[in-house]
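Participant: These protein sequence lines map, in sequence, to chains D and A.
Under the working numbering, think of the first position of the first sequence as 1062, with each following residue one higher.
Under the working numbering, think of the first position of the second sequence as 2, with each following residue one higher.
Here a beta-carbon is modelled for each residue, glycine too, at the ideal position from N, C-alpha and C.
Quick one: the structure is below, questions incoming.
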Amino acid sequence: MAKHKTSGMDRTFWALADPTRRGVLQRLIDEPGLSVSELARPFSLKLPGMTKHLDVLSDAGLITRTKTGRTVAVNLSVAPMLEAMAWLNQYERFWTVSLDRLVALVEEDGEP
Amino acid sequence: MTDRLPSVTIVRRIKAAPSKIWAAITQPALMMQWWGPDAGPTLSVVADVRPGGRFSVVFRLLNGDEHNPTGIYQEVVPEKKLVFTWDLPGTPERESLVTFRLEPFDGGTVLTLTHDHLPDEEARISHEQGWNGLLDKLPVFLGDYE
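Okay, structure coming up:
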């Protein structure tokens, strides 16, 4: 197989494939700018564990981290998420219409 | 479902037997009649329906654009399950996976379609390395998430 760089979409989907990371994104929607320790608390994760999750999200471009003094504020960055949603929407549309036509075809003579 | 990659899932109850739907999703002459995201024509279908066999569909949209998804059949269980990879040139992802599941239901069929995004091998490996030493559970969805 040809070698190629990992695409942004792969990183996005990988980042989204973990419940803790999805939970982090969910919290950041409601509470932008949370610190790493505030994010870690509800998941009962230690800081290094949460930092690793944030690294994955950050690699995927899904969050930004801004350091102020000793505190790191975490914020959402939506562009990659939109790309992933566009992927899902594209196939949702493709299959919805195709399956409508499939159903019409197999149901058309009324005989199961 | 929490440890899977995001995917598209569509469920339909269809008033036709699984055998009839199976024919429609595996026989090229029938696939020609429905395959495509709008009322544009399906131009050609190759469907070598056996594990390792190739599929290739060319369809033209109403706006004139032509597309040619191709793939390899992974799992073929007549009247129950059809799984194939999906590669659509020109899209950001390199490969995804389509699964049709058919279950008899009340004289008809429940059809469940899923279209999963698959990370490529390189992404998979780099992420596995990236996750080494992670304390909590690792997702276990690599290809065999059932």
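Return the first residue and the last residue of the alpha helix (DSSP H) that Ala-1134(D) is part of.
Facilitator: Run containing Ala-1134(D): none in the alpha helix (DSSP H); it sits in the beta strand (DSSP E), 1132-1137.
Participant: Buried or exposed: Arg-1082(D), going by 16 or more other Cβ atoms within 10 Å of its Cβ?
Facilitator: buried
Participant: Pair every Cβ in the region 12-24 of chain A with every Cβ in the region 1114-1126 of chain D, then say whether three or more of these pairs are closer than 8 Å.
Facilitator: no
Participant: Taking Val-1135(D) as the reference, which of Phe-1104(D), Leu-1089(D), Ala-1101(D) has the closest Cα?
Facilitator: Leu-1089(D)
Participant: Under 8 Å, Cβ to Cβ, is there at least one residue of chain A near Ser-1138(D)?
Facilitator: no
Participant: Express the C-alpha separation of Ala-30(A) and Val-1(A) in angstroms, rounding to a whole number.
Facilitator: There is simply no residue 1(A) to check, as chain A begins at 2 and stops at 147 in what is shown.
Participant: For Ala-124(A), count neighbouring Cβ atoms within 10 angstroms of its own Cβ and tell me buried if that reaches 16, exposed if not.
Facilitator: Only weak support exists for where Ala-124(A) lies, its pLDDT of 48 falling under 50; the value from the coordinates is given anyway. Label assigned to Ala-124(A): buried.
Participant: Whole angstroms is fine: what's the gap from Glu-67(A)'s alpha carbon to Arg-61(A)'s?
Facilitator: Those two C-alpha atoms are separated by around 4 Å.
Participant: Can you give the Cα-Cα distance for Arg-1102(D) and Ala-17(A), rounded to whole angstroms?
Facilitator: Approximately 52 Å, taken between the alpha carbons.
Participant: Report yes if the CB atom of Ser-1159(D) is closer than 8 Å to the CB atom of Val-1133(D), and no otherwise.
Facilitator: Going by C-beta atoms, Ser-1159(D) is not nearer than 8 Å to Val-1133(D).
Participant: Does Thr-1157(D) have its Cβ less than 8 Å from a Cβ in chain A?
Facilitator: Taking Cβ atoms only, chain A reaches closer than 8 Å to Thr-1157(D), which makes this a yes.
Participant: Less than 8 Å between the C-beta atoms of Thr-110(A) and Ile-26(A), yes or no?
Facilitator: no
Participant: If you follow the alpha helix (DSSP H) that Gly-1110(D) is in, where does it begin and where does it stop?
Facilitator: 1108-1120
Participant: List the residues of chain D that Ala-48(A) touches, going by C-beta distances under 8 Å, in chain order.
Facilitator: Going along chain D, no residue has its Cβ under 8 Å from Ala-48(A), so there is no contact; the nearest lies around 14 Å.
Participant: What does Leu-1100(D) reach in chain A if we use C-beta pairs closer than 8 Å?
Facilitator: Simply none; closest approach about 14 Å.
Participant: Is it the case that the Cβ atoms of Asp-49(A) and Gly-72(A) are separated by a distance below 8 Å?
Facilitator: no
Participant: From Val-1139(D) to Asp-1161(D), what distance separates their C-alpha atoms?
Facilitator: 32 Å
Participant: At the level of alpha carbons, what is the spacing between Glu-76(A) and Gly-1122(D)?
Facilitator: 35 Å
Participant: Determine the chain D residues that contact Asp-66(A) at a beta-carbon separation under 9 Å, and present them in chain order.
Facilitator: Simply none; closest approach about 13 Å.
Participant: Rounded to a whole number of angstroms, what is the C-alpha to C-alpha distance between Glu-96(A) and Leu-1086(D)?
Facilitator: 26 Å
Participant: Measure the C-alpha to C-alpha separation of His-149(A) and Asn-1150(D) and round it to an integer number of angstroms.
Facilitator: Because residue 149(A) is not part of the residues shown, which for chain A are 2 to 147, the question remains open.
Participant: Val-1085(D) touches chain A at which residues, Cβ-Cβ below 7 Å?
Facilitator: Within chain A, no residue comes near Val-1085(D); the closest Cβ sits about 13 Å away, beyond 7 Å.
Participant: Give, in chain order, every residue of the region 28-48 of chain A whose Cβ lies closer than 8 Å to some Cβ of chain D.
Facilitator: Leu-31, Gln-34, Trp-35, Trp-36, Gly-37, Pro-38, Asp-39
Participant: Asp-1091(D): buried (16+ other C-beta within 10 angstroms of its C-beta) or exposed?
Facilitator: exposed
Participant: Quick one: grab the DSSP three-state call for Arg-14(A).
Facilitator: strand
Participant: Would you kindly work out how many angstroms separate the C-alpha atoms of Gly-1084(D) and Ile-1124(D), rounded to a whole number?
Facilitator: 13 Å
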